[in-house]
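Undergrad: Every position in the sequence shown, counted from 1, becomes a number in the numbering used here once 1 is added.
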Amino acid sequence: MLVLLAAIPVFAPAVRAQRAHVTLYTNREGLPQGQVFDVRQGPLGYLWMATYGGLTRYDGETFRAWTVRDGLVSNAVRSVAPTAGHVWVATERGLCVLKGDEVGCPHTDLRMFGVTRLTADAGGWAWAASPTGVARVAPSGA
């Protein structure tokens with residue numbers, strides 16, 4: 002029995018490490034700003050990114066950005082939470098919402114709250130985390 006156990010490594014196939022395929026996306030590939038703080042995939046498959054250059058969506062080929070020119074209260078986006086109907090956006094100056102191509106920022110009162118991370122539940126509510134607690138924001142505010 003001991004001889005059989007000792008012979009197992011001899012008959013085992015050689016295992017080689019495989020190289021991982023990595024693609025780095027920077028502003029050369031169209032990413033509007035290189036500092037990315039959060040990445041989430043939405044229900045339609047888009048990747049949503051929180052950057053210092055605003056909210057960014059990647060469709061697999063091109064990047065599209067929303068900034069203060071589009072209605073965000075700040076280009077410094079800390080976190081993003083996509084839902085089926087809208088995308089919650091945490092900026093350094095408050096919580097905004099993207100519906101289609103329209104940006105609204107009804108939650109600038111959360112600025113003092115210091116939102117650092119967002120998630121959305123199945124009902125579309127935003128859960129905003131901060132160093133002082135968690136805020137739950139209704140989808141009607143979207």
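Cβ atoms here follow ideal geometry from the backbone N, Cα and C, with glycine treated the same way.
None of these values were measured; they are calculated from a predicted model.
Using the Cα positions of Arg137 and Leu119, report the straight-line distance between them to the nearest angstrom.
TA: Their Cα atoms are separated by approximately 10 Å.
Undergrad: Check whether the Cβ atoms of Ala91 and Val78 lie closer than 8 Å to each other.
TA: A contact, by the Cβ cut-off of 8 Å.
Undergrad: Going by DSSP, name the residue or residues bridged to Val40.
TA: Partner(s): Met50.
Undergrad: Closest by CA to His108, which one among Val74, Gly86 and Gly124?
TA: The residue with the shortest Cα to Cα distance from His108 is Val74.
Undergrad: Would you be able to state if there are at least three C-beta pairs under 8 Å between the region 57-65 and the region 16-23?
TA: These segments do not touch.
Undergrad: Can you check whether the CB of Leu56 is closer than 8 Å to the CB of Val37?
TA: Against a cut-off of 8 Å, the Cβ pair of Leu56 and Val37 comes out as no contact.
Undergrad: If you measure between the beta carbons of Leu99 and Ala129, is that distance less than 8 Å?
TA: No, the Cβ-Cβ distance between Leu99 and Ala129 is not below 8 Å.
Undergrad: From the DSSP output, read off the bridge partner residues of Pro83.
TA: Its beta-bridge partners are Val88.
Undergrad: In or out: Thr27 buried (at least 16 other Cβ within 10 Å) or exposed?
TA: So Thr27 ends up on the exposed side.
Undergrad: Where does Val74 sit, in a helix, a strand or coil, going by DSSP?
TA: Coil.
Undergrad: Can you tell me the Cα-Cα spacing of Gly124 and Ala18, whole angstroms?
TA: Approximately 43 Å, taken between the alpha carbons.
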